[in-house]
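Colleague: Numbering (the working numbering), first residue to last: 212 to 443.
1) Taking the C-alpha atoms as reference points, what is the distance between residue 216 and residue 373?
2) What separation, rounded to the nearest whole angstrom, lies between the Cα atoms of residue 428 and residue 395?
3) Can you tell me whether DSSP reads residue 296 as helix, strand or coil?
4) With distances taken from CA atoms, which of 252, 322, 305 is nearest residue 163?
5) If I measure Cβ to Cβ from residue 272 and keep anything under 7 Å in the same chain, skipping five residues before and after, which residues do I get?
6) Measure the C-alpha to C-alpha separation of residue 220 and residue 311 and round it to an integer number of angstroms.
7) Go ahead and pull the three-state DSSP assignment for residue 253.
8) By Cβ distance below 7 Å, which residues in the same chain neighbour residue 224 in space, the five residues on each side in sequence not counted?
9) Which term fits residue 409, buried or exposed, when burial requires 16 or more other beta carbons within 10 angstroms of its beta carbon?
10) What are the boundary residues of the alpha helix (DSSP H) that includes residue 311?
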């Protein structure tokens, strides 16, 4: 694995994902055109980073859980690739082929921002289907994306260093909306079935709140609502 002049870095934010982190990292290590792997352990208490200490990768540890946005910012700061691919640490069936498919359009200069489109297990993706996609369809009727809030995406460092990254669960949708605002060439790549760890329903509520708030903030709706409240 190259240590300098890398073209592609893969950043994996992780919080208490000891069961899947090694599988994700191993898949990345098998992928072509990856020069660097950076895992950001966001204050895990289950030994997440210990499971990969023997691998030839860079591990950055937060002393406390700071949230996905902060983990992503740490990953950007501690990586050297001009192209950065982000992957969730709880992926159960990620493969090197899927990873390569997300990197290729950027390497060939066919896109500036690549999102993964995938098929979820039955009953999953409720926030995406029932909240996010209807709102985005209303705000951007000309655009169609299957997985707007997915954590699997690749883009260029110069773009990431020029935007404000949200700290909470609105991180992924916030970056995506900034890509639209910047008029980047956005491409969605279908990579087949993808399985994540199932999260408790109570977590989904806070996630939905963060995502909707971020959409309103990034599109200017939140600012308008605040102005109206002040005027009243």
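Backbone N, C-alpha and C fix where the C-beta goes; we use that ideal spot for every residue, glycine too.
Modeller: On the basis of the data shown:
1) Within the chain shown, the letter at position 5 stands for residue 216. Within the chain shown, the letter at position 162 stands for residue 373. Model confidence at residue 216 stands at a pLDDT of 41, short of 50, so the residue's coordinates are unreliable and nothing is read from them.
2) Start at 1 with the first residue of the chain shown, and residue 428 comes out as number 217. Start at 1 with the first residue of the chain shown, and residue 395 comes out as number 184. Going by the C-alpha atoms only, they are around 20 Å apart.
3) Taking the first residue of the chain shown as position 1, residue 296 is located at position 85. Three-state result, residue 296: strand.
4) In the structure as shown, the chain begins at 212 and stops at 443. Residue 163 is therefore absent and cannot be evaluated.
5) Locating residue 272 in the chain shown gives position 61, counting from the first residue. Once the five neighbours on either side are set aside, the close Cβ partners of residue 272 are 252, 260.
6) Along the chain shown, read from residue 1 onward, the residue named residue 220 stands at position 9. Along the chain shown, read from residue 1 onward, the residue named residue 311 stands at position 100. Each residue's alpha carbon lies about 12 Å from the other.
7) Here the question's residue 253 lines up with position 42 in the chain shown. Here residue 253 sits in strand by DSSP.
8) By one-based count along the chain shown, residue 224 stands at place 13. Closer than 7 Å at the Cβ level, and outside the excluded window around residue 224, lie 251, 253, 279, 282, 283, 286, 300.
9) Translated into the one-based positions of the chain shown, residue 409 becomes position 198. Result: exposed.
10) Here residue 311 is taken as the residue at index 100 of the chain shown, counted from 1. It spans 307 to 318 - the alpha helix (DSSP H) in which residue 311 sits, taken as one unbroken run.
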